[in-house]
Amino acid sequence: MLAQFTPTWMIDATYDINPEQLKRLGIKVVLTDLDNTLIAWNNPYGTEELRDWMMSLERENIQLVVVSNNSHRRVKKAVATLQLPFISRALKPFSGGIRRAMRQYHVGKNEVVMVGDQLLTDVAAANFSGISSILVKPIIESDAWNTKINRFFERFVMHAIRKRHPELKFRKDLINERNK
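For the sequence shown, the working numbering gives the first residue as -12, with consecutive numbering after it.
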């Protein structure tokens, strides 16, 4: 049961994910959650740091795609200035949104990774889809009301994961003990 919520990696922040390391791992597409992963849930415009990271992904020919549970209208508005492709109403933790993105970009399970700030949605969806996942810390401490419920349960799940996998810690890069 715990395995479905266990991330492949844990990275401090989305923008710490190194595109060169992703490329070495064979990753061609990065799927990312929207709120509190790519942008703060209450600030849809993104930051200069986000734009720099997006450019570094582009230099490595890695496609960035937003996979969000939000409505089409909400996601479209949030990514408009970033000009990012997206899958809305992904219904995470189910795998449908991830599988749609994989079909759309013609990538196999080893060529895609899901990045998100929630174990119960993003990481679980990745695991149900059979792909790697990167859990990141939320961009900001506060959450939308509907996420607060998940965060409550996530504390217990994370405690159990850390007990079973003491080597799994938030880091600055992907290359760590789990990859050796």
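The C-beta atom is built at its ideal place from N, Cα and C for all residues, glycine as well.
Beta-carbon gap between residue i and residue j smaller than 9 angstroms
i: I(-2); j: D160; result: yes
i: F112; j: G95; result: In the sequence as presented, Phe is not what sits at residue 112; that position holds Ala. Contact flag unset, no.
i: L18; j: E47; result: no
i: E36; j: Y2; result: yes
i: K79; j: V54; result: yes
i: A65; j: I26; result: yes
i: D39; j: T108; result: no
Spatial distance of residue i from residue j (CA atoms)
i: K156; j: L122; result: 10 angstroms
i: K167; j: P(-6); result: Only weak support exists for where K167 lies, its pLDDT of 39 falling under 50; the value from the coordinates is given anyway. Near 16 angstroms, if we compare the C-alpha coordinates of P(-6) and K167.
i: D22; j: M41; result: 16 angstroms
i: R165; j: N137; result: With a pLDDT of only 48 at R165, under 50, the local geometry of the prediction cannot be trusted, and the value read off the model is given with reservation. So the alpha carbons of these two residues sit roughly 27 angstroms apart.
i: V52; j: V100; result: 10 angstroms
i: R86; j: L(-11); result: 22 angstroms
i: V102; j: R142; result: 19 angstroms
i: D245; j: E154; result: Since the first residue shown for the chain is -12 and the last is 167, residue 245 is missing from the structure and cannot be characterised.
i: Y32; j: L69; result: 8 angstroms
i: K135; j: E128; result: 11 angstroms
i: Y92; j: S116; result: 15 angstroms
i: V110; j: K124; result: 13 angstroms
i: M145; j: S43; result: 31 angstroms
i: S58; j: R149; result: 33 angstroms
For residue i, the residue or residues it bridges with in DSSP
i: I85; result: In DSSP, I85 forms no bridge with anything.
i: R158; result: I(-2)
i: F73; result: V53
i: L21; result: The partner list for L21 (beta bridge, DSSP) is empty, contrary to what the question assumes.
i: V16; result: Q50 and V99
i: E26; result: According to the sequence displayed, residue 26 carries Ile and not Glu. D22, per the DSSP bridge assignment.
Range covered by the alpha helix (DSSP H) that runs through residue i
i: L44; result: E35 to R46
i: L9; result: P6 to R11
i: A(-10); result: Per DSSP, A(-10) belongs to no alpha helix (DSSP H) and is neither H nor E.
i: K79; result: Counting along the chain, K79 falls outside any alpha helix (DSSP H), and DSSP gives it neither H nor E.
i: A67; result: Careful: A67 lies outside any alpha helix (DSSP H) and carries neither H nor E.
Nearest to residue i (by Cα), restricted to the options the options
i: P72; options: M89, F81, P125 and S82; result: M89
i: Q(-9); options: E128, R142, R158 and I118; result: I118
i: T56; options: K63, R76 and V62; result: Note that residue 56 corresponds to Asn in the displayed sequence, not to Thr. For the residues K63, R76 and V62, the minimum Cα distance to N56 belongs to R76.
i: E98; options: S116, L25 and L12; result: L12
i: L106; options: Y92, S43, A65 and F139; result: F139
i: N114; options: S82, V144 and M145; result: S82
Residue i: first and last residue of the uninterrupted beta strand (DSSP E) it sits in
i: S119; result: S119 to V123
i: V100; result: V99 to G103
Minimum Cβ-Cβ distance from residue i to chain D less than 9 angstroms
i: E7; result: This model lacks chain D altogether; it includes just one protein chain.
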